[in-house]
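Worksheet: one structure, shown below.
Residue numbers (the working numbering): 1 to 100.
This is the structure:
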């Protein structure tokens, strides 16, 4: 008799065969709030992430962050087409001379 395959409780959204153990860390948006936490401190800014459920096999580690295959393609496209130019303002900010 054949073996019965056990389906994962939380399957990876990409391969559908492994257990999803983490969420994608790719930043998709930034928020700012003036709300305060339980101690009365301002919460301030925070970021929203993709949060696709992924398995270890489908995840790509980029500088300590785990990206899903979709976001990894987007990250590669951004890195390839990014036109980073030096400017005087960047230099002044780095040396603490910027008075904006």
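Glycine included, C-beta positions come from ideal geometry on N, C-alpha and C. The structure displayed is predicted, hence computed values, not measured ones.
query	result
Pull up the distance between the alpha-carbon of residue 77 and that of residue 45, whole angstroms please.	27 Å
Under a CB-based cut-off of 8 Å, is residue 42 close to chain D?	Note that chain D does not occur in the displayed structure, where there is just one protein chain.
Between residue 18 and the rest of its own chain, which residues show a CB-CB distance below 8 Å, the 5 nearest in sequence each way excluded?	8, 11, 12, 55, 56, 57 and 58
Can you tell me the Cα-Cα spacing of residue 22 and residue 14, whole angstroms?	13 Å
Does the distance from the CB of residue 50 to the CB of residue 65 come in under 8 Å?	no
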